[in-house]
Structures are given as structure tokens and as C-alpha cells.
């Protein structure tokens, strides 16, 4: 390799994923014999931010009164290709799950790098050949930034081995976290705004949010991941829409009780700064609130309709009611092991009725006609409800 430079960096690695780093480092040591060296130099326990508390290896240390993460420190030395006058910034690789980003800790952000690859043209040859892998380099004299396609890498670096860029990324990222994919700083780099854009686009395209994990298993269907790049242009969310959604969600959360763990975690996520990048473990919470934002008009109408609800008749009276089942939760009796469905019915008369049935056809969104007996008049969050015993279901049909 004609032009090279040797760099050394100390990497802080969570102890829970140390084995992954060691596995990759052994491969590189064998492949780049004499150009890649690594050794373990220490161990420590570091305090972590609240946003990192659900990482599996994080635990609460009562002596420090803080959440901590056990880490190990490895010293890596690598001989890298050197271009006179140019320095390496990072790489962007496109996979089915989206862009995988290495580096970009200076001169340009990961989002800006991804945006520069939208036309998929190489700045060296001007072609769109093998356009799924780009190397970004920076001119130290003019400040120019170029993206070089995979077929032109040899002209710049003298090697076509993608594994070599593992070593590059080691020096671009000073830590190696559990939410990284692969090794050495490879990360699905999405900040809060990008995640919200993805969720909006996904809900528009599928009718639900197609991402892994969710705080409410009934809210979204579990399917494989998609990226906004796969959606038609008219369905893609913009940064401005995501900003609007985030602002609405933050205002909505301000009125919620922070003692609830879900609300507390939601506030932690949506208070993240613009430049904070994190893994997939919060996608379910983000999807839940984005869905609330996208259905806010219907929610407001339902809330307004609920406020019109009144107590009906006297306790013990029998009534004939009809309406829409707005909520249906099926559960099993802890003692008798029988199944029943708890229902909230928005009556055609504008009143709310709450009751339980063993009819397996009772589902949210369906229309019901039934004979009921008033058990109790109650109030929940300022909304008047009529608790009833359903004595006979006349009909359950699609709304």
C-alpha cells in the first residue's frame, strides 16, 4: 500500500458485547496481518444516561446511586491508507433495513451524508455503478467533501476490501455500544426526527407502523422493517412534519403523570436533542405516540363525544342500548379460568356504557345491540359512565 498512516485509539466496549468485538478483531488481525493489532488494557464501570437504562448489561449501583454499565477498554492500532491532502470521514452502505453508517464525527453529520447519497452518483466518475457503498473524504485545504462509489475506491485507497473500513470507523467513533450493528462504529444512525419520519411514512403506507418492538402489543402488527426510501414519494414524511409531530407529542406529554413508567420513558425519549442517535429499542414507544399524533383529530372528536355522556336511568333499571364498541379487552378469570371481554360502548344516544361479555364476537369497532341492567353510575377522568350487566346480546355486526 503506497500511502499509509498508523493510528492508535482506545475503545470503550460494553462487557456484554466484548465477545463480538473479539471475534471481529481476530478476523481483521488474520486478514490484515502486520497492519492491525489489538490488546485489552483495562476495565471500568461507567455511569450512563437515563436513555441507556434498558441496555441489558446496565444495572443500578446503590453505592453510586446511579445506573452503571460495566465496560472493557481495548487499544487498537491499525495502518490505514492515506491520501495526500485528503482525510477519511466515513462510509454509507445501503442494506434492506436502511443505510448503515460508519464514522462522521466531524465536518458532516450522518443525516447530511445520507442525504448526499440520494442521487446515488459517484463524485469521482459521475456514474451510478455499484452505488450501494460510498466512502466520504474531506479535502483539508479547500474543505471539499466527496463521496466515492465502491468501484472507484481502489483509485483513492489502493484496496477494494470493505473490511478495511472497519479500521477506519474505529478512529471515527470513540466508543462501541450495544446498539451498534456489526462492530467498530457501524450504526443505524437515526435521530428522533428521522425515527418519527419513518413511523409517519410507515403508517401512511401500511396503515400501521412496521417496526420491531412496541410498548403496546395490540397497537401495531409485528412485521419486517422497511425504510422510508421504499415508500412512494407522496407517502414520505418530511422533516417539518416530524418536527410538528414531536412538538405535539411533547405538549401532550406535559399534561401526563410522570410517575407512570411509560410516560416517564416517553418524556425521556422525546426530550432527546437533535444530534442524539440511538438504537431500535425505543421504536415501539415512538410508534405509539406517532400513531396518537396521526389520529389526533379522531381522538379529539371521541373525547368531545365522551364529555357529552350522561348517567341514564336508575340503578337496577333495564335498558335496550345500541352503539359502537370503542374498546374491547379479552382477559381470563384468575380463578375460574374462563374468558370474558371487557367493553366500552359509545351509545347511539351519546352516553357511555361499560360492561363485560363472554361473547367471542365482541371486538373493538363493531356495532352492538343489547339488553342491559344498570349496576352503577360512575365517573372516570371527568367523563360520566354507566356500568351495566349485559343480560342479552341482540346482535353484533360490523359497523
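Numbering (my numbering), first residue to last: 257 to 655.
Where a beta carbon is used, it is the ideal one built from N, C-alpha and C, also for glycine.
Point to revise | Option nearest residue 297 by Cα separation, candidates 315, 303, 267 | key: Here residue 297 refers to the residue found at position 41 of the chain shown. The shortest C-alpha separation from residue 297 is found at 267.
**Study point:** Delimiting residues of the alpha helix (DSSP H) encompassing residue 275
**Key:** Taking the first residue of the chain shown as 1, we reach residue 275 at position 19. Per DSSP, residue 275 belongs to the alpha helix (DSSP H) from 274 to 287.
Point to revise | When 496, 495, 525, 614 are compared against residue 509, the one with the closest alpha-carbon | key: The residue given as residue 509 occupies position 253 in the chain shown. When only C-alpha atoms are compared, the closest one is 525.
Check your understanding: Would residue 317 be called buried (16 or more neighbouring beta carbons within 10 Å of its own) or exposed?
Key -> Residue numbering aside, residue 317 sits at position 61 when the chain shown is read from its first letter. Residue 317 should be labelled exposed.
**Study point:** Buried versus exposed call for residue 516 [16 or more other C-beta atoms within 10 Å across all chains shown]
**Key:** For the purposes of this step, residue 516 is identified with residue 260 of the chain shown, where counting begins at 1. That one is exposed.
Check your understanding: Could you give the distance in angstroms between the alpha-carbon of residue 470 and the alpha-carbon of residue 505?
Key -> Within the chain shown, the letter at position 214 stands for residue 470. Within the chain shown, the letter at position 249 stands for residue 505. Below a pLDDT of 50, predicted positions are generally treated as unreliable, and residue 470, at 35, falls in that range; the measurement from the model is reported next regardless. One C-alpha to the other measures close to 17 Å.
Review point. Taking the alpha carbon of residue 630 as the point to measure from, which residue in 350, 597, 278, 573 has its own alpha carbon closest?
Key: Reading the chain shown from its first residue, position 374 is the one you call residue 630. Selected option, being the one with the closest Cα: 573.
Check your understanding: Do you know whose CA, among 333, 564, 610, 291, lies nearest residue 582's CA?
Key -> What you label residue 582 is simply residue 326 of the chain shown in a count that begins at 1. The residue with the shortest Cα to Cα distance from residue 582 is 610.
Check your understanding: So, residue 379 versus residue 362, is the Cβ gap smaller than 8 Å?
Key -> In the chain shown, the residue the question calls residue 379 occupies position 123. In the chain shown, the residue the question calls residue 362 occupies position 106. No.
Exercise for review: Use the C-beta contact count for residue 408: other C-beta atoms within 10 angstroms, 16 or more gives buried, fewer gives exposed.
Suggested key: On the chain shown, residue 408 is found 152 positions in, with the first residue counted as 1. Result: buried.
Review point. Taking all protein chains shown into account, do 16 or more other C-beta atoms lie within 10 angstroms of the C-beta of residue 636, making it buried, or fewer, making it exposed?
Key: The sequence position of residue 636 within the chain shown is 380, counting from 1. Under this definition residue 636 is an exposed residue.
Review point. So does the segment 541 to 554 actually touch the segment 592 to 612, counting three or more Cβ pairs closer than 8 Å?
Key: no
Check your understanding: Distance, Cα to Cα, residue 324 vs residue 301?
Key -> Counted from its first residue, the chain shown places residue 324 at position 68. Counted from its first residue, the chain shown places residue 301 at position 45. Approximately 6 Å between the Cα atoms of the pair.
Check your understanding: Are the CB atoms of residue 644 and residue 628 nearer to each other than 8 Å?
Key -> Against the chain shown, residue 644 aligns to sequence position 388. Against the chain shown, residue 628 aligns to sequence position 372. Contact: yes.
Exercise for review: For residue 292, name the three-state secondary structure that DSSP assigns.
Suggested key: If you number the chain shown from 1, residue 292 lands on position 36. In this structure, residue 292 counts as strand in the three-state DSSP scheme.
Review point. What are the boundary residues of the beta strand (DSSP E) that includes residue 577?
Key: Locating residue 577 in the chain shown gives position 321, counting from the first residue. 574 to 588 is the extent of the beta strand (DSSP E) around residue 577.
Exercise for review: Measure the CB-CB distance between residue 334 and residue 277 and report whether it falls below 8 Å.
Suggested key: Locating residue 334 in the chain shown gives position 78, where the first residue counts as 1. Locating residue 277 in the chain shown gives position 21, where the first residue counts as 1. No, they are not a contact pair.
Review point. Among 623, 344, 289, 603, which has the Cα closest to the Cα of residue 566?
Key: For the purposes of this step, residue 566 is identified with residue 310 of the chain shown, where counting begins at 1. Answer by Cα proximity: 603.
Review point. Between the C-alpha atoms of residue 265 and residue 331, what's the straight-line distance to the nearest angstrom?
Key: Reading the chain shown from its first residue, position 9 is the one you call residue 265. Reading the chain shown from its first residue, position 75 is the one you call residue 331. Cα to Cα, residue 265 sits roughly 6 Å from residue 331.
Check your understanding: Any idea if residue 375 is buried or exposed, counting beta-carbon neighbours within 10 angstroms, 16 or more meaning buried?
Key -> To locate residue 375, count along the chain shown from 1; it is residue 119. When all chains shown are included, residue 375 counts as exposed.
Check your understanding: Between which two residues does the beta strand (DSSP E) carrying residue 633 extend?
Key -> For the purposes of this step, residue 633 is identified with residue 377 of the chain shown, where counting begins at 1. Element bounds for residue 633: 622 to 636.
Check your understanding: By how many angstroms is the C-alpha of residue 392 removed from the C-alpha of residue 513?
Key -> To locate residue 513, count along the chain shown from 1; it is residue 257. To locate residue 392, count along the chain shown from 1; it is residue 136. Computed Cα separation, rounded: 46 Å.
Review point. What's the gap between the Cα of residue 586 and the Cα of residue 272?
Key: Locating residue 586 in the chain shown gives position 330, counting from the first residue. Locating residue 272 in the chain shown gives position 16, counting from the first residue. When rounded, the distance between both Cα atoms is 39 Å.
Practice item. Could you spell out the range, first to last residue, of the beta strand (DSSP E) harbouring residue 495? Key: Locating residue 495 in the chain shown gives position 239, counting from the first residue. It is not in any beta strand (DSSP E) - residue 495 instead sits in the alpha helix (DSSP H) that spans 495 to 510.
Point to revise | For residue 580, the nearest candidate out of 597, 620, 591 (CA to CA) | key: The count along the chain shown starts at 1 and reaches residue 580 at position 324. Here the closest residue by C-alpha is 620.
Check your understanding: Hey, how far is the Cα of residue 600 from the Cα of residue 588?
Key -> For the purposes of this step, residue 600 is identified with residue 344 of the chain shown, where counting begins at 1. For the purposes of this step, residue 588 is identified with residue 332 of the chain shown, where counting begins at 1. If I take the Cα positions, the gap works out to 18 Å.
Review point. Count the other CB atoms within 10 Å of the CB of residue 570; is the residue buried (16 or more) or exposed (fewer)?
Key: On the chain shown, residue 570 is found 314 positions in, with the first residue counted as 1. Exposed, since its Cβ has fewer than 16 Cβ neighbours within 10 Å.
Review point. Which of helix, strand or coil does DSSP assign to residue 360?
Key: In the chain shown, counting from the first residue as 1, residue 360 sits at position 104. In the structure shown, residue 360 sits in coil (DSSP, three-state: anything other than H, G, I, E or B).
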